[in-house]
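Accompanying notes for the structure given below.
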Amino acid sequence: MKNNLSNIKKATKYLNNDQCIGIPTETVYGLAANAYSDKATLKIYKLKKRPKKNPLIVHYYSLNDLKKDCFIDFNFLKLYKKFCPGPISFILKLKPNSCISSNVTNKKKTLAVRFPRHKLTRNLLKVLKYPLAAPSANLSKQISPVSKNDVIDEFGKKIKFVLDGGQSKVGVESTIVSLIGKPKILRLGGIERKSIEKFLINKNKVKFKKKKIVAPGQGKIHYSPGIPIRLNIKHPKSKEAFILIKERKVYKKNFFYLSKKKNLKEAAKNLYKTLRIIKKNKFKSIAVEKIPNIGFGETINDRLIRASK
Ligand code: TXA
Ligand code: MG
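Written out as structure tokens, the structure is:
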């Protein structure tokens, strides 16, 4: 506890000096900087080698803080009350007088926002005088990090501090819901599509358009471990890493299990961690067993399909 307090103080100091740091969230770790500062947010793009046209997600502590920067509506409030703080992001209309740096939005009049649930990061946000812009803390198009060590893996000494919050409990990015016009899911993620759809009244049913890229960062190649991935495989090649949804009794060096008993939530949590281990073990290719396309299986398949492109 004492340690946490001193780490939050350290984090605050770096952030107040326009530095980028790694922060834990329940989804994945973020590369965070003061969202009101041009200088700080520019560093995020440089470190991640992220194209400037890809806008950033901003993390808030409270609804009151958010209201300074964005317009909110009825649908937002319903989802906020049900799921926040938690693994969901919203696209909202930006207020013209907001202090958000233009680097964050890239001239868009909308803003992606989120209220992370991770306790350490909530405590950090609470003491800051500004919200945090924080995309996932990986180099552009690579696998998102789910621990402090993963962040260090990505950036080495290029970032001076990572707030250690243990392994991310959800393990995949937030679900993004656009509330501009009719509600739409732009990215599948840490909350199942059905729980969001169920929650909104029928006429506002959220749509998830698989083909159209609506979030600029949702390009085809993404979350890539940098080696070929083959999906829906029954029999892997002998030297190939094989990802299975459920533990098997046989032990093989190249077998990697996402969950003990075919639990899709547990599998999603272990996905990025497993891909990173496989990459570190220098396998030349990956085969993946068929993953049921329901609930969190949809999120897992979405990421695997992008990683396999
Ligand atoms: O769980 C998460 O959302 C993590 C943690 C760190 O909070 N963050 C994250 O950020 O995944 P990032 O930048 O890796 O993904 C955010 C996605 C990108 O695809 C980006 O293009 C999209 O959100 N996005 C950002 N602003 C947007 C906007 N105004 N309209 C549409 N899409 C937007
Ligand atoms: Mg990302």
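Residue 533 is where the sequence shown starts when you use the numbering used here, and the numbers rise one by one after that.
Ideal placement from N, C-alpha and C gives every residue a C-beta, glycine not left out.
Note that the structure is predicted; figures quoted are calculated from it, not measured.
Next on the checklist: When you measure from the CB of Arg666 to every non-hydrogen atom of ligand 1, does any distance come out below 6 angstroms?
Outcome noted: For this step, residue 666 is matched to residue 134 along the sequence shown. Here residue 666 turns out to be Ala, not Arg, going by the sequence shown. For ligand 1, at least one heavy atom lies less than 6 angstroms from the Cβ of Ala666.
Next on the checklist: Using a Cβ-Cβ cutoff of less than 7 angstroms, which residues in the same chain neighbour Asp682 once the five nearest sequence positions on both sides are dropped?
Outcome noted: Position 150 of the sequence shown, counting from 1, holds the residue named residue 682. Taken in chain order, the residues that qualify are Tyr561 and Arg808.
Checklist entry - In angstroms, rounded to a whole number, what distance separates the CA positions of Gly713 and Thr642? => result Looking up residue 713 in the sequence shown gives position 181. Looking up residue 642 in the sequence shown gives position 110. Roughly 12 angstroms between the two C-alpha positions.
Next on the checklist: On the criterion of 16 or more Cβ atoms from any shown chain inside 10 Å, does Lys735 qualify as buried, or is it exposed?
Outcome noted: Counted from its first residue, the sequence shown places residue 735 at position 203. Any reading at Lys735 is ruled out, since the residue's pLDDT is 45, under 50, leaving its predicted position unreliable.
Checklist entry - Do the CB positions of Ile775 and Val702 come within less than 7 angstroms of each other? => result In the sequence shown, the residue the question calls residue 775 occupies position 243. In the sequence shown, the residue the question calls residue 702 occupies position 170. Not in contact: Ile775 and Val702 (Cβ atoms no closer than 7 angstroms).
Checklist entry - Cα-Cα, which of Ser756, Ile623, Ser770 and Glu772 is closest to Arg838? => result The count along the sequence shown starts at 1 and reaches residue 838 at position 306. Checking every option, the nearest Cα to that of Arg838 belongs to Ser756.
Checklist entry - Just how far apart, CA to CA, sit Gly827 and Ile723? => result One-based indexing of the sequence shown puts residue 827 at position 295. One-based indexing of the sequence shown puts residue 723 at position 191. For the pair Gly827 and Ile723, the Cα-to-Cα distance works out to about 9 angstroms.
Item to check | Span of the beta strand (DSSP E), counted from its first residue to its last, around Thr557 | outcome: Within the sequence shown, residue 557 is the residue found at index 25, counting from 1. Taken as a continuous stretch (DSSP letters only), Thr557 belongs to no beta strand (DSSP E), as it is neither H nor E.
Next on the checklist: Please determine whether the Cβ atom of Lys640 lies at a distance below 6 angstroms from any heavy atom of ligand 1.
Outcome noted: In the sequence shown, counting from the first residue as 1, residue 640 sits at position 108. Yes; taking the cut-off as 6 angstroms, the Cβ of Lys640 has a heavy atom of ligand 1 nearer than that.
Item to check | Helix, strand or coil at Gly562 [DSSP, three-state] | outcome: Residue 562 sits at position 30 when you count from the first residue of the sequence shown. The DSSP-derived three-state label of Gly562 is strand.
Checklist entry - For ligand 1, any of its heavy atoms closer than 6 angstroms to the Cβ of Ser840? => result Residue 840 sits at position 308 when you count from the first residue of the sequence shown. No.
Next on the checklist: My output table needs one value for Ala644: the three-state DSSP class, helix, strand or coil.
Outcome noted: Along the sequence shown, one-based indexing puts residue 644 at 112. If DSSP states are grouped into helix, strand and coil, Ala644 belongs with the strands.
Next on the checklist: Give me the DSSP bridge partner(s) of Gln674.
Outcome noted: Counted from its first residue, the sequence shown places residue 674 at position 142. Paired residue(s): Ser756.
Checklist entry - Between Leu579 and Leu563, which are expected to be in contact by the criterion C-beta below 8 angstroms, what is the C-beta distance as a whole number of angstroms? => result Here residue 579 is taken as the residue at index 47 of the sequence shown, counted from 1. Here residue 563 is taken as the residue at index 31 of the sequence shown, counted from 1. Between the beta-carbon of Leu579 and that of Leu563 there is about 6 angstroms, and that keeps the pair under the 8 angstroms contact cut.
Checklist entry - Given that a residue counts as buried once 16 or more other Cβ atoms are within 10 Å of its Cβ, and exposed if not, what is Ser679? => result The residue you call residue 679 lines up with position 147 of the sequence shown. By the neighbour-count criterion, in which a residue is buried when 16 or more other Cβ atoms sit within 10 angstroms of its Cβ, Ser679 is buried.
Item to check | Other residues of its chain near Ser621: CB distance less than 6 angstroms, five sequence neighbours each side excluded | outcome: Here residue 621 refers to the residue found at position 89 when the sequence shown is read from its first residue. Here the set comprises Ile589, Ala644, Arg646, Ser706 and Ile708.
Item to check | Enclosing beta strand (DSSP E) for Val709 [first to last residue] | outcome: If you number the sequence shown from 1, residue 709 lands on position 177. From DSSP, the beta strand (DSSP E) with Val709 extends over Thr707 to Ser710.
Checklist entry - Ile717 to Gly618, Cα distance in whole Å? => result Here residue 717 corresponds to residue number 185 of the sequence shown, with the count starting at 1. Here residue 618 corresponds to residue number 86 of the sequence shown, with the count starting at 1. Roughly 16 angstroms between the two C-alpha positions.
Item to check | Terminal residues of the alpha helix (DSSP H) in which Arg835 lies | outcome: Taking the sequence shown and counting its residues from 1, one reaches residue 835 at position 303. Residues Phe828 to Ser840.
Checklist entry - Ile553 to Pro583, Cα distance in whole Å? => result As a first step, residue 553 is located in the sequence shown; it is residue number 21 there, counting from the start. As a first step, residue 583 is located in the sequence shown; it is residue number 51 there, counting from the start. Roughly 19 angstroms separates the two Cα atoms.
Item to check | Distance cut-off 6 angstroms: Asn586 Cβ against heavy atoms of ligand 1 | outcome: Here residue 586 is taken as the residue at index 54 of the sequence shown, counted from 1. At least one heavy atom of ligand 1 is nearer than 6 angstroms to the Cβ of Asn586, so yes.
Checklist entry - Assuming Leu626 contacts Cys602 under a Cβ cut-off of 8 angstroms, what Cβ separation, rounded to an integer in Å, is found between them? => result Residue numbering aside, residue 626 sits at position 94 when the sequence shown is read from its first letter. Residue numbering aside, residue 602 sits at position 70 when the sequence shown is read from its first letter. Going by Cβ atoms, the distance from Leu626 to Cys602 rounds to 6 angstroms, so yes, they are a contact pair.
Checklist entry - Assuming Lys794 contacts Lys778 under a Cβ cut-off of 8 angstroms, what Cβ separation, rounded to an integer in Å, is found between them? => result For the purposes of this step, residue 794 is taken as the residue at position 262 of the sequence shown. For the purposes of this step, residue 778 is taken as the residue at position 246 of the sequence shown. The pair is a contact, with the Cβ atoms about 4 angstroms apart (cut-off 8 angstroms).
Next on the checklist: With H, G and I counted as helix, E and B as strand and the rest as coil, what does DSSP make of Ala572?
Outcome noted: By one-based count along the sequence shown, residue 572 stands at place 40. Three-state DSSP puts Ala572 in a helix.
Item to check | Residues near Asn638 in its chain [Cβ-Cβ closer than 7 angstroms; skip 5 each side] | outcome: Start at 1 with the first residue of the sequence shown, and residue 638 comes out as number 106. Lys584, Lys585 and Pro587.
Checklist entry - Who are the Cβ neighbours of Ile540 in its own chain at under 8 angstroms, not counting the five residues just before and after it? => result To locate residue 540, count along the sequence shown from 1; it is residue 8. Counting only Cβ-Cβ distances below 8 angstroms, and skipping sequence neighbours, we find Leu652, Asn655, Leu656, Val659 and Leu695.
Item to check | Residues near Gln699 by beta carbon distance below 7 angstroms, same chain, minus five either side | outcome: What you label residue 699 is simply residue 167 of the sequence shown in a count that begins at 1. Cβ-Cβ distances below 7 angstroms link Gln699 to Val678 and Ser679 in the same chain, with the five nearest sequence neighbours on each side left out; the list follows chain order.
Next on the checklist: In the DSSP assignment, the alpha helix (DSSP H) including Tyr804 goes from what residue to what residue?
Outcome noted: Taking the sequence shown and counting its residues from 1, the one referred to as residue 804 is at position 272. Leu796 to Lys812 is the extent of the alpha helix (DSSP H) around Tyr804.
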